[in-house]
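K.L.:
I have a structure I would like to understand better, so I am pasting it below and will then ask my questions one at a time.
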Amino acid sequence: MSQRRILVTSALPYANGHIHIGHLVEYIQTDIWVRFQRLRGHRCVYICADDTHGTAIMIRARQEGRSEEQVIADMHAAHVRDFAGFHIEFDNYGSTHSEENRQLCAEIWQALCRAGLVVQREVSQLYDPVAGTFLADRFVRGTCPRCGAADQFGDSCDRCGSTYSPSELVGARSTLSGATPEVRAAPHFFIQTEQLHDFLAEWTQSAGHLHEDVAHWVAAAFLSQPLRDWDVSRPAPYFGFEIPDAPGHYWYVWFDAPIGYIASTLQWCRRSGEPFDLWWRHPETEIHHFIGKDITYFHTLFWPVMLKVAGFNLPRQVHIHGFLTVGGEKMSKSKGTFVLASTYLKHLDPAWLRYYYASKLTPKLDDLDLNLEEFVAKVNGDLVGKVVNLASRTARFVQGGTLSAAYPEDGGLFSQAAAEGDAIADAYEACDYNRAMRLIMALADRANRYVESREPWTLARDPSRAGELQDVCTVALNLFRQIALYLAPVLPTLQKQTAELLAAPLQRWEEAQRPLLGTAVAPFKHMLGRADIKHVLAMIEESREQPAAASPLAQGYGSTRQAGSVASSADSFAPRDDSSAGLAESAAPHVDRAAPLAAEPLEAEISFEDFSRIDLRVARVIAAEDVPDSKKLLRLSLSLGGDVHRTVFAGIKGVYEPASLVGRLVIYAANLAPRQMRFGTSQGMVLAAGPGGKDIYLLSPDPGAQPGQRVH
936 MSQRRILVTS ALPYANGHIH IGHLVEYIQT DIWVRFQRLR GHRCVYICAD DTHGTAIMIR
996 ARQEGRSEEQ VIADMHAAHV RDFAGFHIEF DNYGSTHSEE NRQLCAEIWQ ALCRAGLVVQ
1056 REVSQLYDPV AGTFLADRFV RGTCPRCGAA DQFGDSCDRC GSTYSPSELV GARSTLSGAT
1116 PEVRAAPHFF IQTEQLHDFL AEWTQSAGHL HEDVAHWVAA AFLSQPLRDW DVSRPAPYFG
1176 FEIPDAPGHY WYVWFDAPIG YIASTLQWCR RSGEPFDLWW RHPETEIHHF IGKDITYFHT
1236 LFWPVMLKVA GFNLPRQVHI HGFLTVGGEK MSKSKGTFVL ASTYLKHLDP AWLRYYYASK
1296 LTPKLDDLDL NLEEFVAKVN GDLVGKVVNL ASRTARFVQG GTLSAAYPED GGLFSQAAAE
1356 GDAIADAYEA CDYNRAMRLI MALADRANRY VESREPWTLA RDPSRAGELQ DVCTVALNLF
1416 RQIALYLAPV LPTLQKQTAE LLAAPLQRWE EAQRPLLGTA VAPFKHMLGR ADIKHVLAMI
1476 EESREQPAAA SPLAQGYGST RQAGSVASSA DSFAPRDDSS AGLAESAAPH VDRAAPLAAE
1536 PLEAEISFED FSRIDLRVAR VIAAEDVPDS KKLLRLSLSL GGDVHRTVFA GIKGVYEPAS
1596 LVGRLVIYAA NLAPRQMRFG TSQGMVLAAG PGGKDIYLLS PDPGAQPGQR VH
């Protein structure tokens, strides 16, 4: 296998708030992928930085009586500490408030100007007369102009997913002072992205750059019509870089933030002596971005335009993940589920969260749910019960001695596990960590059955069977070493502990192909402990008592701030549950109301054969639109995988906004006879629960299900 040169980035966390477990979905996912690539022998560099500019930082510094530089320096140190606590290792962790970023912003700006893409026009914007500043979208709240939801931010609605301008909000107010904003005009600079429409259409739809579902969404939502000009400047006062040829105007944070990827790379190159052009201008270098689905728009439309015009490498692939929910709900400060990284580390092992996230992550955009009981069960059942116990139950019988000089007969277990290496590697490469973990745990199951059948604890009682005992332990520890290597991207600490136990480093993926023989076995030391629900609940309780980022300032207002990873901007992708039960009580049994069953009693029994005739399939909504002449219907375009698509008319208008459904997995009755309606032909139906009217709840499979799979 030839060595690849890969540059990897994660979205830049905002410097106005601490890292929390929602953010960590992305950074753990990325760190796992980087570690895997290095195990495969590739040159892989991991770059990130703090996103530091914008009104939020300026206002916070003003309130605290400090400079913006002091605020972002303190948060930079906190971010670095929290990432290190979860074994997330960057080659360079920079800041967008750096001289490298200022220089690169100017370079890209000049390229855009030379290309004739920059225009200036007057913009009416909301202004806070008390705070004395123009208001960024996230500092305005009011009632959504589309669905009427109260207390929504100025750029998008949490309930229906609509986007709009702050001036469209009903009853708008400033979150800085509570004042009613005034509309004031100021000149802004815009980039005319429509001029590169053909380029964007080709790049986004080319195989491999985006997941096929994302590519379909971008094409349907944006590229099917002329692209809007992109507002890339803000008038003073503003904390950021002043535009050199436009005094009093500053590059908007969404202009300079992604350039921070390049600037942080430049810092690394200068420190390590690497040629910069080799990483951002060489055609053989792969650029891989890992982001949350809330910032897809910027990374698939605006960012490629900037890179293309300025002559930098375009991303080889943009890897996009869903949001984090806890117990099926958005993270909540009042319920204690808005957990800071630092709070987690006080109570729990970071390896546990790395493994749990890995066991849930797929290449899809499906949301990831952290269920506290499942979390404890996975840690204790998989990591302790299956993996670590494999070593702890056998290493003690040969510690101080050596493994056998020749590999014993094991019924083909080692060779089977070695053969699985390619499938596990393919899963890691595709970011299908869920599949990789399932394959690895299947190996652990087989290895544990071997140990149970050979009973080394019984052999140890008979000195005459010492050679047989050594052989059994040699097989078991080699199988454990294979598993530890396959888990190394997820559990780097276990990787080091295994190397120390067996006096042999784990550095390359191919080491799983050869058994370790004749080496010394060190005394077994504690590896991974068992999780206790009491410690989990203590973490939740501390988070409830000390909620983080209570003010709107700490929320951030741009997508690089990872708001989506908190699941705060995608209510439609999370279960619609108004229950007030906290996560700390999640272990208690539910007492469900009898009213629904009383209203609709169970139907008469049918045979299994009758039921089996219904072909239920997983499908993904790739487009959704209103049916203008209908009071109840939305037209849904469903993907069953590949080029197989179906059109369904669903009676969910007024319950779900069309845009909120795109990307969602649903259950589809596939073999119903097509029904001709005056709006078109409906090819089946999607399944939902509820009595009807506004009380309709679409059914969705758990993350990991794939379009086209049959529901059994």
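Count along the sequence shown starting at 1, add 935, and that's the number in this note's numbering. Just so it is clear, CB atoms sit at the ideal spot from N, CA and C, and this is done for glycine as well. Note that this is a predicted model, so its numbers are computed, not measured.
(1) Give the straight-line distance between the Cα atoms of T1128 and D1164, rounded to the nearest whole angstrom.
(2) Check whether the Cβ atoms of V1553 and L1600 sit closer than 8 Å, and answer yes or no.
(3) Whether or not the region 1053-1072 and the region 999-1011 are in contact is what I'm after, with contact meaning three or more pairs of Cβ atoms, one per stretch, closer than 8 Å; do they touch?
(4) Could you pull out every residue in the same chain whose Cβ sits closer than 7 Å to the Cβ of A1041, ignoring the five residues on either side in sequence?
(5) In chain order, what residues of the same chain have a beta carbon less than 7 Å from the beta carbon of L1131, not counting five sequence neighbours either side?
(6) Looking only at its own chain, which residues have a Cβ that is under 8 Å from the Cβ of A1502, when we skip the five neighbours before and after it?
(7) Around the C-beta of F1614, are 16 or more other C-beta atoms found within 10 angstroms, so that it is buried, or is it exposed?
(8) Mark A1142 as exposed unless 16 or more other C-beta atoms lie within 10 angstroms of its C-beta, in which case mark it buried.
(9) Taking Cβ to Cβ, would you say L1307 is nearer than 8 Å to G1263?
(10) Please confirm whether A1154 and T1139 have their CB atoms less than 8 Å apart.
(11) Return helix, strand or coil for A1559, following the three-state DSSP convention.
(12) Taking buried to mean at least 16 other C-beta atoms within 10 Å of its own C-beta, is A1624 buried or exposed?
(13) Mapping DSSP to helix, strand and coil, what is F1546?
(14) Where does Q1641 fall in DSSP's three states?
(15) Given a threshold of 16 other Cβ atoms within 10 Å of its Cβ, counted over all protein chains shown, does V943 qualify as buried or as exposed?
(16) Tell me, which residues are paired with A1554 by DSSP?
(17) Do P1609 and R970 count as a contact pair if the criterion is CB distance below 8 Å?
(18) How many angstroms separate the CA atom of F1174 from the CA atom of L1374?
(19) Might you give, ordered along the chain, the residues of its own chain that have their beta carbon closer than 7 Å to the beta carbon of W1238, omitting 5 neighbours on each side?
(20) Based on the DSSP output, what are the partners of M1620 in its beta bridges?
(21) Quick one: complete alpha helix (DSSP H) runs, 4+ long, within the region 1096-1163?
(22) DSSP three-state call for P1424: helix, strand or coil?
(23) Using the Cβ count rule (16 or more neighbours within 10 Å means buried), how would you classify E1364?
(24) Give every residue of the same chain whose Cβ lies closer than 7 Å to the Cβ of E1309, excluding the five residues on either side of it in the sequence, and list them in chain order.
(25) Answer yes or no: do G1089 and D1072 have a C-beta to C-beta separation smaller than 8 Å?
(26) Spatial neighbours of N1315 within its chain, please: C-beta separation below 8 Å, excluding the five flanking residues on both sides.
(27) Can at least three beta-carbon pairs, one atom from the region 1343-1355 and one from the region 1401-1416, be found at a separation below 8 Å?
(28) So, at 6 Å on beta carbons, what are the nonlocal neighbours of D1317 in its own chain, with the 5 sequence-adjacent residues on each side left out?
(29) Okay, do the region 1020-1029 and the region 973-992 touch, 3+ Cβ pairs below 8 Å being the bar?
(30) Taking the alpha helix (DSSP H) that V960 falls in, what are its first and last residues?
(31) Leaving out five residues before and five after Y1279 in sequence, what residues of the same chain have Cβ atoms less than 8 Å from its Cβ?
(32) Going by beta carbon distance, what residues of the same chain come within less than 8 Å of S1112, once the five residues before and after it are set aside?
(33) Per DSSP, L1571 is paired with what?
(34) According to DSSP, is E999 part of a helix, a strand, or is it coil?
(35) Can you give me the C-alpha to C-alpha distance between L959 and A1276, rounded to a whole angstrom?
(36) Does DSSP classify V1075 as helix, strand or coil?
P.N.:
This is what the structure gives:
(1) T1128 and D1164 have their C-alpha atoms spaced approximately 6 Å apart.
(2) L1600 sits close to V1553, with the two beta carbons spaced by under 8 Å.
(3) Because the criterion of three Cβ pairs below 8 Å is not met, the region 999-1011 and the region 1053-1072 do not touch.
(4) Excluding five sequence positions before and after A1041, the CB atoms of its chain that fall closer than 7 Å to its own CB belong to P1179, given in chain order.
(5) Closer than 7 Å at Cβ, skipping near neighbours: V1240, K1243.
(6) Residue placement at A1502 is flagged as unreliable, the pLDDT there being 33, under the threshold of 50; the coordinate-derived value follows with that caveat. Within the same chain, A1502 has close Cβ partners G957, F1258, L1259, T1260, K1265, M1266, D1302, F1508, A1509.
(7) Of the residues assessed, F1614 falls on the exposed side of the cut-off, its CB having fewer than 16 other CB atoms within 10 angstroms.
(8) Burial call: exposed.
(9) No, they are not a contact pair.
(10) The answer is yes: Cβ separation under 8 Å.
(11) In the structure shown, A1559 sits in a strand (DSSP, three-state: E or B).
(12) Exposed: under 16 other Cβ atoms inside 10 Å.
(13) The DSSP-derived three-state label of F1546 is helix.
(14) In this structure, Q1641 counts as coil in the three-state DSSP scheme.
(15) Under this definition V943 is a buried residue.
(16) Partner(s): V1601.
(17) No, the pair does not count as a contact, with Cβ atoms beyond the cut-off.
(18) One Cα belongs to F1174, the other to L1374, and the distance between them is close to 49 Å.
(19) Here the set comprises P1193.
(20) Bridge partners of M1620 according to DSSP: A1604.
(21) Complete alpha helix (DSSP H) runs here, min 4: 1132-1140, 1147-1153.
(22) Three-state result, P1424: coil.
(23) Here E1364 is exposed: its Cβ has fewer than 16 other Cβ atoms, across all protein chains shown, within 10 Å.
(24) Correct list: empty, nothing qualifies.
(25) Cβ atoms of G1089 and D1072: closer than 8 Å.
(26) Hits under 8 Å: R1465, A1466.
(27) A contact exists between the region 1343-1355 and the region 1401-1416.
(28) Within the same chain, D1317 has close Cβ partners M1376.
(29) Short answer: they touch.
(30) From DSSP, the alpha helix (DSSP H) with V960 extends over 956-974.
(31) Within the same chain, Y1279 has close Cβ partners I956, P1285, L1288, M1474.
(32) Within the same chain, S1112 has close Cβ partners D1063, V1065, A1066.
(33) Its beta-bridge partners are A1559, V1583.
(34) Looking at E999 - three-state DSSP - the assignment turns out to be helix.
(35) Distance from the CA atom of L959 to the CA atom of A1276, rounded to whole angstroms, is 8 Å.
(36) In the structure shown, V1075 falls within a strand segment according to DSSP collapsed to helix, strand and coil.
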